[in-house]
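Here the sequence shown is numbered in this note's numbering, starting from 30 and rising by one per residue.
Cβ coordinates follow ideal geometry from the N, Cα and C atoms, glycine included.
Owing to the predicted nature of the structure, the values given are computational and were not obtained by experimental measurement.
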Amino acid sequence: MKEKKKSDPEVLSLMKRRKKGLLKIVFSRFGVSALLLILQIVLIYLVLEWCDEDLEWFTIAAGVFTVAMFLHLFRSDMDATSKLTWLVFLLLFPIPISILLWCTEKDIGHRRLSRRLREIHKETKKMIPQDETVLSEPDITDSSTDALCRFINLTACLPVYRDTEVRFFSLGEYKFEAMIEELRKAKRFIFLEYFIIDEGYMWGRILKILAEKAAEGVEVRVMYDGMCEISTLSSDYPKRLARLGIKCKSFSKIYPFLSTQYNYRDHRKILVIDGRVAFNGGVNLADEYINRRLRFGHWKDTAVMLRGRAVESFTLMFLQMWNVSEKNEQWDEFLSCSPACEGRGFVMPYCDSPLDGYKVGECVYLDMINRATKYVHIMTPYLVLDNELEMALKFAAQRGVDVKLILPGIPDKKAAYALAKSYYKYLIKEGVRIYEYIPGFVHAKIFVCDGVKATVGTINLDYRSLYHHFECGTYLYKTDCIQEIEEDFQFTLGFCRSVTTETIAREKLSYRFLGSLAKLVAPLM
């Protein structure tokens, strides 16, 4: 017998903020860096104190050790920019950074997670078979889109679909309204997986509906990234939601100092309802995403709602992450074939894992840029490019493709903002056009190309998203909403300032200096 419906005050009692400033320092990169610096100083002191007579031999040994680490690093398959960052820190702190590099390469702290995800991937490899007749359609093969689809299907068993209707939301507010409407219709299950859940108006309204649905017998599951426990939610939040009949867990908890806080985060945003509707995009469950709370001016974000066959891929994505920590896995009960829905074009949900060796998000972006013939229009909150993406953007502009990027006019992180500006000069020189959103912060992650291709999802143009996070997106080909995405891009341009060589020359000296420093640690940002 289900627990009786909780009253509004009981639900709202969960909405209590907690200040965690000290915890954020202890768990942050600053805490790790401080610990390494202290370790280096202690080691130097001990060497000077105890090894005064043998200091010359120690210096030689340390030099040989550092050179050996340099050679080891050059032999690795790490990308060139990341190697440069490690080299800089190896010069400054050879011993502790060598230890950190070894821990990173050996995947210390994440072996169990990596092994478990490989098991789940193997188990679910054939759960959603690809319809080969879809891949052989002329629209797909003539545009070489089938090659990308086969790659996505190879990496994560996520097919390309017909029979899916896609609705585009140009702001978080519009997605929120649709979410509320669809949540109220839930009959069987509700799955939410979000990078950020923050207590406030948005989450309060959603939580109220979730509690009501749980009381009605609907299976409600909520999963958020472990970083929420040091920023927005208390560590006992799953227990508190359990009192409302809601199953809840955090993904990859954070531990002091030893935790790689900014690696292997669950940056995905997924809502699946009854296997018939799915939401995806950049919008988290916090008030700034719907402009109820102004942090960095107006918050520009985007999302999509899928209705039809492609929804089952997002159901599988959620279950794969949920079952990482489950002993008794459940699949078939929720993976019953999603009902077809009339929709033109093709839809392919996809996901990216930092543990499988595939850079799926970057490959999708590179494929779109390299195959574009008319235009590539991009919105992204951050611009931290590796060599491949930077070259692809330049080459597209050089061969006559209209390449435009919209970035924030008001930053959320000054270091990341300065780092993005450090790329402006070199991109503009090759014909890439860059714009900054004057009213505030752009958090949207969209690519739209030639009026026939688009992707909307969670993947930023930075190392965090492309290399170190769990991500997801929705690839669209010849769907009706692609024109809406391009129209929204053009509309947003009307609120942007153009970046030119003249505006770059007038840029604040502090941003230039900070951007140059930030480039040394770009893979960390």
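Separation of residue 435 and residue 246 (C-alpha to C-alpha, rounded to the nearest whole angstrom) is 44 angstroms. Here residue 501 is bridged, per DSSP, to 380. Of the other Cβ atoms in all chains shown, fewer than 16 fall within 10 Å of the Cβ of residue 361; this residue is therefore exposed.
If you draw a straight line from the Cα of residue 481 to the Cα of residue 537, it comes to about 39 angstroms. Taking a cut-off of 8 angstroms on C-beta distances, the segment 358 to 375 does not touch the segment 406 to 419, as fewer than three cross pairs fall below it. The beta carbons of residue 379 and residue 185 sit closer together than 8 angstroms. With the rule of 3 Cβ pairs closer than 8 angstroms, the segment 337 to 344 does not count as touching the segment 311 to 318. Note on geometry: alpha-carbon atoms of residue 331 and residue 86 lie some 60 angstroms from one another. Following the DSSP letters along the chain, one finds residue 544 inside the alpha helix (DSSP H) bounded by residues 538 to 549. When secondary structure is reduced to three states using DSSP, residue 360 falls in the coil class, being assigned neither helix nor strand. DSSP, reduced to helix, strand and coil, places residue 524 outside both helices and strands of the structure shown, so it counts as coil. By a beta-carbon distance limit of 8 angstroms, residue 224 contacts residue 254. Their separation comes to about 5 angstroms.
Straight through space, the alpha carbons of residue 548 and residue 462 are spaced by roughly 21 angstroms.
When Cβ pairs closer than 8 angstroms are counted between the two stretches, the segment 390 to 405 is seen to touch the segment 488 to 497, the count reaching three or more. A distance below 8 angstroms separates the beta carbons of residue 95 and residue 123. Look at residue 391 here: in three-state DSSP terms it is helix. A direct Cα-Cα distance of roughly 19 angstroms separates residue 222 from residue 214.
Taking 8 angstroms as the upper bound for CB-CB distance, residue 352 and residue 486 are not in contact here, some 22 angstroms apart. DSSP places residue 179 inside the alpha helix (DSSP H), whose first and last residues are 174 to 185.
Nearest neighbour of residue 374 by Cα position, chosen from 100, 242, 192 and 205, turns out to be 192.
When beta bridges are read from the DSSP output, residue 249 appears opposite 219. The C-beta distance from residue 543 to residue 454 rounds to 15 angstroms, too long to fall under 8 angstroms, and the pair is not in contact.
Under the DSSP definition of a beta bridge, residue 474 lacks any partner. Under the three-state reduction of DSSP, residue 204 is assigned to helix. A Cβ-Cβ distance of about 7 angstroms is found for the pair residue 440 and residue 325, placing them in contact under the 8 angstroms criterion.
The shortest CA-to-CA distance from residue 403 to any of 386, 155, 426 and 420 is the one to 426.
For the 8 angstroms CB-CB criterion, residue 498 and residue 383 form a contact.
Looking at the DSSP output, residue 420 shares a beta bridge with no other residue. Beta-bridge pairing by DSSP links residue 193 to 337.
In the DSSP assignment, residue 117 falls within the alpha helix (DSSP H) that extends over 109 to 121.
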